[in-house]
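Per full-length UniProt numbering, the sequence shown starts with residue 1, numbered consecutively. Everything below concerns the one structure shown next.
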Amino acid sequence: MINKIGQVMIYVNDQEAVAKFWTEKVGFVIISENAAGDAERWIEIAPTKDAATTFVLQDKVAVAKAQPEMNLGTPSILLYGDNLEAMYEDFKAKGITVGELVDIPNFGRVFNFADIENNYFAILEK
1 MINKIGQVMI
11 YVNDQEAVAK
21 FWTEKVGFVI
31 ISENAAGDAE
41 RWIEIAPTKD
51 AATTFVLQDK
61 VAVAKAQPEM
71 NLGTPSILLY
81 GDNLEAMYED
91 FKAKGITVGE
101 LVDIPNFGRV
111 FNFADIENNY
121 FAILEK
């Protein structure tokens, strides 16, 4: 069951410059900086440290290489949910286009799915 919107992924060309814009110009704070291997790195920002929903700045080139099916022209929404395995099987049974259920180091279990217009969303087990 999906229980909240957790993050909005924004695909950028220069993570450092965009993070600087949001923190220095807009007043956001850096929540975390993470990496999943050598190539994938992301910076999580929000209006405050205790914000319920955050922006995650991801490198366009790295995401395009790892997930070529992703539409990088628009932000991606990361939903939080529980019982991910059951939800994954339910979505497949309903004919929803789903990506592989994966366990990403320093992140968690997640899968992508597409709506009827091929917009992709992700669900993270939390």
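C-beta atoms are modelled at their ideal positions from N, C-alpha and C, and glycine is treated no differently. Only a predicted model underlies this, so the values are computations on that prediction, with no experimental measurement involved.
Contact check, residue i vs residue j, beta carbons under 9 Å
i           : j           : result
residue 29  : residue 48  : yes
residue 15  : residue 42  : yes
residue 78  : residue 5   : yes
residue 126 : residue 80  : yes
residue 70  : residue 3   : no
residue 97  : residue 118 : yes
Residues near residue i by beta carbon distance below 8 Å, same chain, minus five either side
i           : result
residue 106 : 34, 35, 36
residue 115 : 121
residue 72  : 11, 60, 63, 64
Start-to-end residues for the alpha helix (DSSP H) that takes in residue i
i          : result
residue 84 : 84–93
residue 52 : Per DSSP, residue 52 belongs to no alpha helix (DSSP H) and is neither H nor E.
Own chain residues within Cβ distance below 6 Å of residue i, not counting five before or after
i          : result
residue 44 : 31, 32, 54, 56
residue 99 : 111, 112
Where the beta strand (DSSP E) through residue i begins and ends
i           : result
residue 29  : 29–36
residue 8   : 2–12
residue 122 : 120–125
7 Å Cβ shell around residue i - same chain, five flanking residues per side excluded
i          : result
residue 18 : 12, 57
Count Cβ pairs between the region 46–63 and the region 2–14 that sit closer than 8 Å; are there 3 or more? A contact exists between the region 46–63 and the region 2–14.
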